[in-house]
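Scroll down for the structure; my scribbles are underneath it.
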Amino acid sequence: MSLISFENVVKEFDGRKVLDGLTFGVEKGEVFAIVGPSGTGKSVTLKHIVRLLTPDSGHVRVDGVDVAECSSRQLRKIRRRVGYLFQGGALLAWKTVEENVALPLKECDCLPDAQVAKRVAAALAAVELTDAAEKFPSEISGGMQKRAGLARAIVRESDVVLYDEPTSGLDPVTSVTINRLIKKLNQKLGITSVVVTHDLQGALMFADRILLLKDGKAVECSTPAEFAASDNKDVKDFLAAMKGEM
Ligand SMILES: Nc1ncnc2c1ncn2[C@@H]1O[C@H](COP(=O)(O)OP(=O)(O)OP(=O)(O)O)[C@@H](O)[C@H]1O
Ligand SMILES: [Mg+2]
558 MSLISFENVV
568 KEFDGRKVLD
578 GLTFGVEKGE
588 VFAIVGPSGT
598 GKSVTLKHIV
608 RLLTPDSGHV
618 RVDGVDVAEC
628 SSRQLRKIRR
638 RVGYLFQGGA
648 LLAWKTVEEN
658 VALPLKECDC
668 LPDAQVAKRV
678 AAALAAVELT
688 DAAEKFPSEI
698 SGGMQKRAGL
708 ARAIVRESDV
718 VLYDEPTSGL
728 DPVTSVTINR
738 LIKKLNQKLG
748 ITSVVVTHDL
758 QGALMFADRI
768 LLLKDGKAVE
778 CSTPAEFAAS
788 DNKDVKDFLA
798 AMKGEM
């Protein structure tokens, strides 16, 4: 059984099917990349995993539990184990890095302050941001802001993290650093990672499998080597577009 599974998921907005029978599974411990043109429903897909959206039909399951139909207690459990790096990062400007990272803990876990401080310190160390703990978002670089977002996504000791465009807006060198960090968190902490990205080159390097989303369906779901060698026309078109050959 896959850790996360989408089974025939349909989601419509204003009469338009954004997801149209989407089926795929993410295995425990893998780095799973989701790629596809802008507006194809990549962010919408991630939102279904923690019930920020629910399917019109079909099923989304985490560890066998149907996310849309489970009890609020089960949903809390799922949200606790699934960290989320939102598109755009969304750090609060008036809070320091460490205060931002502590937010998910303050929201719902009722941990004693000493425990909060310990977990925040561990999360900041994991993304190599210990020295910036007391800085405000406006005082650090874009890459550091992304890393602060990453620390916030893992601070609840989640074993699954959803990353929505973790490298968008970053220069190629900083993007590589972030991709390496995602891989490191995956390998050292065993975090199952679902990464929505425009960075196909990065995905080909760091992902265990890549899903191409088009017209609300999974066009291809395969290892980087299989993906790069695929005969599927949509995959070839996408690869060519990414190389700027079209
Ligand atoms: N809550 C919503 N209400 C109405 N329409 C929505 C909602 N959320 C998403 N959509 C629409 O669904 C489509 C897919 O959106 P989504 O954000 O998933 O795209 P995406 O693949 O993440 O694109 P990008 O690469 O630009 O981030 C878009 O047309 C968007 O306008
Ligand atoms: Mg998006």
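Heads up, the numbering used here is the position in the sequence shown plus 557, with the first residue counted as 1. Ideal placement from N, C-alpha and C gives every residue a C-beta, glycine not left out. Note that the coordinates shown come from a computational prediction; the quantities given were computed from them, not determined experimentally.
Taking W651 as reference, the option from R630, I735, P694 with the minimal CA-CA separation is P694. Rounded to the nearest angstrom, the gap between the Cα atoms of Y720 and Y641 is 6 Å. Collapsing the DSSP output to three states places R608 in coil. Per DSSP, the unbroken beta strand (DSSP E) holding L770 starts and ends at 766-771.
Contact between G773 and D577 holds: their C-beta atoms lie close to 3 Å from each other, under 8 Å. Collapsing the DSSP output to three states places N565 in a strand. For S559, there is no enclosing beta strand (DSSP E), since its DSSP letter is neither H nor E. The Cβ atoms of V677 and L707 do not sit closer than 8 Å to each other.
Around the beta carbon of V730, fewer than 16 other beta carbons sit within 10 angstroms, so the residue counts as exposed. Within the segment 617-691, complete beta strand (DSSP E) segments of at least 3 residues are found at 639-642, given in chain order. Around the C-beta of S629, fewer than 16 other C-beta atoms lie within 10 Å, and the residue is accordingly described as exposed. Distance from the CA atom of D788 to the CA atom of E664, rounded to whole angstroms, is 48 Å. Following the DSSP letters along the chain, one finds A775 inside the beta strand (DSSP E) bounded by residues 774-779.
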